[in-house]
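Novice:
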Amino acid sequence: MAGLVAAGLLTTGVVHGVRAADSTAGPDWLLVMLWPVFAAFVLVAYLAWRALPGRPIRQGTLPTEIPAGLLPPRREATVTTDDLDDPTAIAMLHYNVRLTDLAEHERRRRR
Numbered sequence: 002m003a004g005l006v007a008a009g010l011l012t013t014g015v016v017h018g019v020r021a022a023d024s025t026a027g028p029d030w031l032l033v034m035l036w037p038v039f040a041a042f043v044l045v046a047y048l049a050w051r052a053l054p055g056r057p058i059r060q061g062t063l064p065t066e067i068p069a070g071l072l073p074p075r076r077e078a079t080v081t082t083d084d085l086d087d088p089t090a091i092a093m094l095h096y097n098v099r100l101t102d103l104a105e106h107e108r109r110r111r112r
């Protein structure tokens, strides 16, 4: 797969080089040589990935939640009486309450 991608990038470089050589502005060789650099990067990245120790990743072994205490605590949202006159603020308040209920339901379901 990586060989195909690298071959495609090299082909793109050749096509770009031919088109740049035919243009009246002259070839932009830096841009033409960029494609082989991309191809080399793809090949090196693929070979490095293949050299990694084979540890299969199983479902459920990756962390799904941020550990407690890793992030700073959130500020508590305060609702003032001025906010109750704004329909957008009221809709946002109902939305946040619904999200809180869904998160609590999900926590209970996982236990």
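Residue numbers (this note's numbering): 2 to 112.
Note that the Cβ used here is the ideal one computed from N, Cα and C, for glycine as well.
#1: Could you work out which residue in A69, L35, L72 and A8 is closest to L44 when comparing CA atoms only?
#2: Please return the same chain residues whose Cβ sits closer than 6 Å to the Cβ of A90, not counting the five positions on each side in sequence.
#3: How is the alpha helix (DSSP H) around T101 delimited, first residue to last?
#4: Only counting the same chain, and skipping five residues up and downstream in sequence, which positions put a Cβ closer than 7 Å to that of A3?
#5: Tell me which residue opens and which closes the alpha helix (DSSP H) that A41 is part of.
Specialist: Reading from the atomic positions:
#1: If you compare the alpha carbons of A69, L35, L72 and A8 with that of L44, the shortest gap goes to A8.
#2: D84
#3: P88 to R111
#4: V43, L44 and Y47
#5: Element bounds for A41: W30 to A52.
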